[in-house]
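What follows is a single structure, written as structure tokens, with notes after it.
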Amino acid sequence: MIVVMKKGASQDAIDHLVEMIEGLGLRSHVIVGTERTVIAAIGDERHTHKESLESSPEVDEVVPILAPYKMASTEVKQEPTVVQAGGLTVGGTQIGMIAGPCSVESEEQIVETAKLVKRCGGTALRGGAFKPRTSPYSFQGLKEEGLQMLATAREETGLAVVTEVVATDDVELVAKYADVLQIGARNMQNYRLLEAVGNVDRAVLLKRGAAATVDELLLAGEYILSAGNPNVMLCERGIRTFEGHTRFTLPLATVPYLHQKTHLPVVIDPSHGTGHTYLVPDMASAAIAAGADGLIVEVHPDPETAMSDGYQSLNFAQFEAMMQRCRRVATAIDKTI
Ligand code: PEP
Ligand code: MN
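Oh and the sequence shown: position 141 is 131 in the numbering used here, straight run, nothing missing.
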């Protein structure tokens, strides 16, 4: 349920409603809007009489939340959520540009890439230190050593660090070094991991599972929000279809659809979404034209020798050209990169 307070409702009245909601065994979540304050009451509502809440004098109305994802829904909050993490801002009119190699391979590789990303106007550095690989024999990442290299790159450039956490046991360690915790496609439905990142003070980039529906992505995001972390970005990275010409199929309609359904920012990954370097810049500009709040792109000093995903990584010149083009598209729709 959403308890909509009257315009100018007093803090005492809001506190009182929170107490009443919690007394009914529901969880309360206060959202202060520009117009008025609403309180989301979340939990099992079957035995709750909305009349008892509605009778408070400073309450305007009590309405049910119809979407299965409650806190993520635009029914609860219409204004877009802007996620800020270190130097990265995603949402509203600000497009966040996250770029870097698939995997952290060496200090030289990550620092060199970070400098390029910074010079081209990117705001965050990506790089996997814990890699979820399809084969157990593939490179699994440099783990804590890789995280230390990311921290060095942040010190040198000021870029925010975005890196994946693959297991609940690693959340504390990764959060020590990262500004944004990435939940990979393979882990989108690892609910214990979602709860664990919901409990730390770090923004989360949640990637859509390759076989997950958009509603399942929203419900996965709801796990993080309901654990207490409001800083969630949803990422479309492509889904598995019968198509073979791309590694995954990247549905850009996800962007306007999610903007209808949720206030959370939407990030597009054209690298995994296509699986081919030559398709990335076009899909990056298309994503911005479709209204994406951010991009996450793989870039590597020498894609041919990359230890993972070289075939979909941009080299430095390609990344620079892509950024210039994306900036022009962003300007055309009154956004900034
Ligand atoms: C990655 O970002 O390198 C990655 C493994 O992505 P995904 O989880 O989308 O496959
Ligand atoms: Mn990758």
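Just so it is clear, CB atoms sit at the ideal spot from N, CA and C, and this is done for glycine as well.
Values in this document were obtained by computation on a predicted structure and should not be read as measured data.
Discussion item. Given the structure, does residue 288 come close to the ligand MN, in the sense that its CB is under 7 Å from one of the ligand's heavy atoms?
Written reply: In the sequence shown, counting from the first residue as 1, residue 288 sits at position 298. Indeed, a heavy atom of the ligand MN lies less than 7 Å from the Cβ.
Fill in: Close-in-space but distant-in-sequence residues of the same chain around residue 99 (CB under 7 Å, 5 per side omitted)
The residue you call residue 99 lines up with position 109 of the sequence shown. So the list reads 91 and 291, once near-sequence residues are dropped.
Worksheet entry | Beta carbon of residue 302 nearer than 8 Å to that of residue 261 | If you number the sequence shown from 1, residue 302 lands on position 312. If you number the sequence shown from 1, residue 261 lands on position 271. A contact, by the Cβ cut-off of 8 Å.
Worksheet item: What are the start and end residues of the beta strand (DSSP E) that includes residue 86?
Response: As a working mapping, residue 86 is identified with position 96 in the sequence shown. Segment 86 to 90, the beta strand (DSSP E) holding residue 86.
Fill in: Euclidean distance between Cα positions of residue 233 and residue 268
Indexing the sequence shown from 1 puts residue 233 at position 243. Indexing the sequence shown from 1 puts residue 268 at position 278. Straight-line Cα distance between these residues: approximately 17 Å.
Practice prompt. Spell out the partners DSSP gives residue 74 in its beta bridges.
Written response: Here residue 74 is taken as the residue at index 84 of the sequence shown, counted from 1. DSSP lists 79 as partners of residue 74.
Worksheet entry | Range covered by the beta strand (DSSP E) that runs through residue 21 | On the sequence shown, position 31 is the one that residue 21 refers to. That run of the beta strand (DSSP E) goes 17 to 22.
Worksheet entry | residue 255 vs residue 80 beta-carbon contact at 8 Å | Position 265 of the sequence shown holds residue 255. Position 90 of the sequence shown holds residue 80. Their beta carbons are under 8 Å apart, which means residue 255 touches residue 80 by this criterion.
Worksheet item: By a C-beta neighbour count over all protein chains shown, 10 Å radius and 16 as the cutoff for buried, is residue 314 buried or exposed?
Response: Here residue 314 is taken as the residue at index 324 of the sequence shown, counted from 1. Result: exposed.
Worksheet item: Are the region 180 to 189 and the region 12 to 29 touching, with three or more C-beta to C-beta distances below 8 Å?
Response: no
Item to complete: Report whether the distance from the Cβ of residue 292 to the nearest heavy atom of the ligand MN is below 7 Å.
Response: Reading the sequence shown from its first residue, position 302 is the one you call residue 292. Residue 292 Cβ: outside cutoff for every heavy atom of the ligand MN.
Worksheet entry | residue 318 burial status per 10 Å Cβ neighbour count (16 or more: buried) | Against the sequence shown, residue 318 aligns to sequence position 328. Counting Cβ neighbours within 10 Å, residue 318 comes out exposed, since fewer than 16 surround it.
Practice prompt. Please classify residue 215: is it buried, with 16 or more other beta-carbons within 10 angstroms of its beta-carbon, or exposed?
Written response: Position 225 of the sequence shown holds residue 215. Answer is buried; the Cβ neighbour count reaches 16.
Discussion item. Given this structure, state the Cα-to-Cα distance separating residue 275 from residue 61, to the nearest angstrom.
Written reply: Counting from one through the sequence shown, the residue named residue 275 turns up at place 285. Counting from one through the sequence shown, the residue named residue 61 turns up at place 71. So the two alpha carbons sit approximately 30 Å from each other.
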